[in-house]
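Scroll down for the structure; my scribbles are underneath it.
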Amino acid sequence: MNLTINSYQFGERPDVIKPDPDFYNQLGEDGIRKLVSKHYDLLRESPIKKLFPADNDELEKAKQNSADFMIQISGGPDYFNQHRGKPRMADRHAAFTITPEGRIIWLNCYKQALKELTIPENLILSFWNYINVFSNWMVNTPSGQYKIDDK
Ligand code: HEM
Numbered sequence: 034m035n036l037t038i039n040s041y042q043f044g045e046r047p048d049v050i051k052p053d054p055d056f057y058n059q060l061g062e063d064g065i066r067k068l069v070s071k072h073y074d075l076l077r078e079s080p081i082k083k084l085f086p087a088d089n090d091e092l093e094k095a096k097q098n099s100a101d102f103m104i105q106i107s108g109g110p111d112y113f114n115q116h117r118g119k120p121r122m123a124d125r126h127a128a129f130t131i132t133p134e135g136r137i138i139w140l141n142c143y144k145q146a147l148k149e150l151t152i153p154e155n156l157i158l159s160f161w162n163y164i165n166v167f168s169n170w171m172v173n174t175p176s177g178q179y180k181i182d183d184k
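Take any residue in the sequence shown, count from 1 to its spot, add 33: that is its number in my numbering.
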């Protein structure tokens, strides 16, 4: 499966297409929660691990919030809106140093987690296309700079 990472100019917010609803229909809520859990476990071992909670209870909450969002965006119940309010994703990420390189690491962790799925390739690709594009909205710091002390 060819999951390539797009490159964008800093500050670009390209148009996003949501994942195919069959991604949610085939994986189900439980499958999406497992995928997000695996993604966070990989992030915790990655070069950007300092961005994510070290505490296990906090990590579980982060997994839940993120899975709530991914379920919602994939056509499932609007759990994120119910628990956290309006998504405003770029604003929610504003406190964190997210560089173009950080985005690539974040996407590569998803790439690894997605490769374990057994659903049809076109559905995996539709989720990948969504995160590939939308992740650029979260990039808020040019390469080599830091907003907080997270070197
Ligand atoms: C498709 C792109 C992305 C989506 C849909 C997404 C989604 C989310 C969601 C739903 C949350 C929880 C927010 C809350 O409950 O208030 C979150 C938190 C966070 N995200 Fe993202 N994110 C994306 C990209 C990224 C990228 C590229 C990075 C860094 C490289 C990142 C780093 C973080 C951090 C540090 C947090 C706070 C800790 C946590 O709760 O996990 N995110 N993200």
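All C-beta atoms in this analysis are idealised placements derived from N, C-alpha and C, irrespective of residue type, glycine included.
This one's a predicted model, so the numbers in the text were calculated from it and none came from an experiment.
Helix or strand or just coil, what does DSSP make of residue i?
i	result
Ser40	coil
Glu134	helix
Ala127	coil
Lys184	With a pLDDT of 47 at Lys184, under the threshold of 50, the modelled position of this residue cannot be trusted, and the question is left open.
Asp55	helix
Tyr143	helix
Could you give the distance in angstroms between the alpha-carbon of residue i and the alpha-carbon of residue j?
i	j	result
Gly135	His72	14 Å
His126	Ile50	20 Å
Leu75	Gln178	24 Å
Asn98	Asp63	14 Å
Thr151	Gln145	13 Å
Glu149	Ile157	10 Å
Leu92	Phe85	7 Å
Pro52	Val172	21 Å
His116	Ala128	20 Å
Gln105	Ser176	31 Å
Pro80	Gln42	22 Å
Ile38	Ser159	13 Å
Thr174	Trp139	15 Å
Phe113	Tyr57	15 Å
Leu36	Asp90	32 Å
Met122	Asn155	26 Å
Tell me where the alpha helix (DSSP H) around residue i begins and ends.
i	result
Asn169	154–171
- Hey, which unbroken runs of the alpha helix (DSSP H) at 4 residues or more fall wholly within the segment 61–123? 89–106, 112–117
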